[in-house]
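Engineer: For reference, the structure I am asking about is given below.
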Amino acid sequence: MKAIGQLLRALPWLIAIAAILWVYIQKDDATEEQVIYSHQTLVQEIEDLGKLELVKYNFKEITEVKKISKEYLRFFKLGPDSKIAIISVGEATGCIDLTKIKAEDVQESNDTIFINLPKPELCYYKLDMEKSRIYSLETNPMIDKKEFIQDAYKSAESEIRESALNSGILERTRDNAELILKPMLERMSGKVVIITERPESVKVDGLDQ
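This is the structure we're talking about:
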C-alpha cells in the first residue's frame, strides 16, 4: 500500500514530464515544416521579380523599301516605282520570365539550392519614332502614300528584331541571368545557388524556336 501511495504522489510529476516531452517532439516536427515553408517562400520571392530584363541592345540602321509599279503588256507602267529609305533607331530587350518558375524547379541539398530557369525570351523590340526619320522618299501618285510609309516603318521594326536575334541577344540574356541572379538569390536564401536551364525550347516573342 505504501508503494501505491508513493506512485500516486509521483503521478502528477510523471504526467508533467510526459507533457514536456510531447511539446519537445512537436517542436522538432514544426522545425522540419519550417524548412519546407522557407523553400516555398524563395519560389514566391523569385516570382515577384516577374519578367527580369537582363540585356538591352540599341540599333541604328538604314531600311530601304522599293515597291514596283504595276506593269501592263510588259512595257507600260502606271507611273514610277515607289522608294523610301528610313534611318531607323530602335531597341530590343532580352529577359527571363521568372513567374514561370514552379516549386519543382527549385531543389535543396544541404547548403546548396539548384534552380532551373526558363529559357530566355526576346521581351520586346521597337522603333524610337522620335529618333527615326525618313531619309528619302519617292512615291507613285497611284498608290496610298501613307500606307506605303507605314509599311516601311513596320519593315524597319522587323529588322530590329532580326538584328537582335542575329546578334546573339538570347545567348547574352542566358549569360547575364547567372551573373545577375546568382548573387541575388544567394543573398535571399543564404545558401549557394547553382543555376541551370530548364530543358525546353527557346522563347522568341512568346513562340517556341
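Residue 153 is where the sequence shown starts when you use my numbering, and the numbers rise one by one after that. The beta-carbon is built from N, C-alpha and C at its ideal position, and this holds for glycine as well. As the structure is a computational prediction, the values presented were derived from the model and not from experiment.
Grouping DSSP H, G and I as helix and E and B as strand, with all else coil, what is N262?
Structural biologist: N262 falls in the coil class under three-state DSSP.
Engineer: Identify the continuous alpha helix (DSSP H) that holds D327 and give its terminal residues.
Structural biologist: That run of the alpha helix (DSSP H) goes I321 to S341.
Engineer: Determine the burial state of D249: buried for a count of at least 16 other Cβ atoms within 10 Å of its Cβ, exposed for fewer.
Structural biologist: Buried.
Engineer: Would you call the CB atoms of L322 and P270 closer than 7 Å?
Structural biologist: It is not a contact, given that the beta carbons lie outside the stated cut-off.
Engineer: According to DSSP, simplified to helix, strand and coil, what is K219?
Structural biologist: Here K219 sits in strand by DSSP.
Engineer: Nearest to D303 by alpha carbon, out of I214, K219, V345 and T325?
Structural biologist: It is K219.
Engineer: Among the candidates V207, G320 and K203, whose CA atom is the shortest distance from the CA of I253?
Structural biologist: Measuring from the Cα of I253, the nearest candidate turns out to be K203.
Engineer: From the DSSP output, which residues share a beta bridge with F211?
Structural biologist: F211 pairs with G242.
Engineer: Can you tell me where the beta strand (DSSP E) holding K278 begins and where it ends?
Structural biologist: Residues E273 to L279.
Engineer: Quick check on the DSSP output: the alpha helix (DSSP H) that includes S315 runs from which residue to which?
Structural biologist: Per DSSP, S315 belongs to the alpha helix (DSSP H) from K297 to N318.
Engineer: Closer than 8 Å by C-beta to D263: which residues in its own chain qualify, once you throw out the five before and the five after it? Chain order, please.
Structural biologist: Contacts found: K343 and V344.
Engineer: Taking only beta-carbon atoms, is N262 less than 7 Å away from chain D?
Structural biologist: Looking for chain D here will not work: only one protein chain is present.
Engineer: Once DSSP output is grouped into helix, strand and coil, what is the label at T291?
Structural biologist: Reduced to three states, the DSSP call for T291 is coil.
Engineer: Would a C-beta distance cut-off of 7 Å place F266 and G242 closer than the cut-off?
Structural biologist: Against a cut-off of 7 Å, the Cβ pair of G242 and F266 comes out as no contact.
Engineer: Out of F300, V217, I214 and G231, state which residue places its alpha-carbon closest to the alpha-carbon of M294.
Structural biologist: Here the closest residue by C-alpha is G231.
Engineer: Excluding the 5 residues preceding and the 5 following E216 in the sequence, name in chain order all residues of the same chain whose CB lies nearer than 6 Å to its CB.
Structural biologist: So the list reads A237, once near-sequence residues are dropped.
Engineer: Quick check on the burial criterion: 16 or more other C-beta atoms within 10 angstroms. Buried or exposed for Y287?
Structural biologist: Answer is exposed; the Cβ neighbour count stays below 16.
Engineer: Would L206 pass as a contact of G246 if the rule is Cβ separation under 7 Å?
Structural biologist: Yes, the pair counts as a contact, with Cβ atoms nearer than the cut-off.
Engineer: Out of curiosity, what's the CA-to-CA distance linking C275 and A316?
Structural biologist: For C275 and A316, the distance between alpha carbons rounds to 11 Å.
Engineer: Hey, how far is the Cα of Y277 from the Cα of S319?
Structural biologist: One C-alpha to the other measures close to 13 Å.
Engineer: On the DSSP bridge assignment, give the partners of R285 in chain order.
Structural biologist: In the DSSP output, where bridge partners are listed per residue, R285 has I239.
Engineer: Please report the distance separating the alpha-carbon of P351 from that of E314.
Structural biologist: Cα to Cα, the separation comes out at about 24 Å.
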